[in-house]
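Peer 1:
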Amino acid sequence: MDKIVNPKRTRARASEPAPAQPVRPASREEAEEAVRTLIRWAGDDPDREGLLGTPARVVRAYEEWFSGYKDDPREYLKRTFEETGGYDEVVVLRDIRFESHCEHHMAPIIGRVHIGYLPRNRVVGISKLARLVEVYARRLQIQEKMTAEIASCLDSVLKPHGVAVVTEATHQCMTTRGVHKTGVTMVTSRMIGVFRDRAETRQEFLTAIGMRGAVGGVNGA
Ligand SMILES: [Zn+2]
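So in this note's numbering, spot 186 of the sequence shown is number 186, and the numbers just go up one at a time.
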């Protein structure tokens with residue numbers, strides 16, 4: 001950092017939102033204690049025999065469900081793309097199952113992601129795309145944001161002619177509480193480049209994933 005304070009710069013900064021403070025990670029003991037608190041809040045006794053091991057198990061489950069914070073998908077994809085070898089047709093990977101958690105209730109979001117892209121010079125293997133979805137899913141999410149993050153990550157690393165991502169999911173915060181709407185699937189999409197600009201390319205993708213004209217073009221950006 002520059003030690004000389006520029007008053008103009010300081011004022012400009014004062015009007016900007018304060019940078020996010022780095023979050024202090026919680027210790028395993030703190031996380032387990034929080035689970036004990038929630039058990040008491042639910043009305044049960046965390047010291048009864050059946051619940052003694054529960055805080056440790058919940059925290060281990062959280063390690064798995066929220067393991068996506070440790071990875072940067074951009075760095076990961078940058079290391080793993082391959083040259084296309086002249087392939088210039090749309091690549092579609094459909095029905096990538098994911099489990100995520102909504103950031104409003106921390107309740108499960110379970111669904112499938114379909115990804116399409118029209119490569120320019122670079123492609124990635126199927127397992128890499130599935131891994132990309134997993135990294136974003138294993139964070140606290142809202143479906144719209146996850147859909148957009150997957151699309152923009154692929155777009156920025158592969159620099160293809162276009163990217164299409166459609167996510168279909170059920171939100172257990174809707175099906176098991178609140179409005180109790182079972183059987184409702186939420187569909188979100190993000191269309192970039194040729195998938196946004198060219199109806200035929202978008203249609204080719206939607207047909208490939210079995211969604212003839214159902215989405216696309218409206219909420220793409
Ligand atoms: Zn929710």
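In this text, a Cβ means the ideal position worked out from N, Cα and C, and glycines have one as well.
1. If you measure between the beta carbons of ARG139 and PHE81, is that distance less than 8 Å?
2. Any heavy atom of ligand 1 closer than 7 Å to the CB of HIS161?
3. Got a sec: is the Cβ-Cβ distance from ILE110 to anything in chain C below 8 Å?
4. For the candidate residues TYR69, GLU32, ALA42, ARG28, whose alpha-carbon lies nearest to that of LEU52?
5. So, is ARG9 buried or exposed, given that buried needs 16 or more other C-beta atoms within 10 angstroms?
6. Just checking, does the segment 101-117 make contact with the segment 159-168 on the three C-beta pairs under 8 Å criterion?
7. For THR175, which of helix, strand or coil comes out of DSSP?
8. Provide the residue span of the alpha helix (DSSP H) that contains PRO119, from first to last.
9. What would DSSP say about GLU83, mapped onto helix, strand or coil?
10. Would you mind sorting HIS171 into buried or exposed? The rule is 16 or more other CB atoms within 10 Å of its CB.
11. Using the three-state DSSP reduction, which class does LEU206 fall into: helix, strand or coil?
12. Just to confirm before moving on: does the CB-CB distance between ARG112 and ASP88 stay below 8 Å?
13. Output needed for SER67: all residues of its chain with C-beta closer than 7 Å, excluding positions within five of it in sequence on either side, in chain order.
14. Tell me whether HIS171 counts as near ligand 1, meaning its Cβ is closer than 7 Å to at least one heavy atom of that ligand.
15. Could you give the DSSP three-state label for SER27: helix, strand or coil?
16. In whole angstroms, what separates the C-alpha of VAL23 from that of TYR69?
17. Which class does MET186 belong to by DSSP, given the choice of helix, strand or coil?
Peer 2: The short version:
1. no
2. no
3. No chain C is present in this structure, which holds just one protein chain.
4. GLU32
5. At ARG9 the pLDDT is 45, less than 50, meaning the model places this residue with poor confidence and gives no usable figure here.
6. yes
7. helix
8. Careful: PRO119 lies outside any alpha helix (DSSP H) and carries neither H nor E.
9. strand
10. buried
11. helix
12. no
13. ARG138
14. yes
15. coil
16. 12 Å
17. strand
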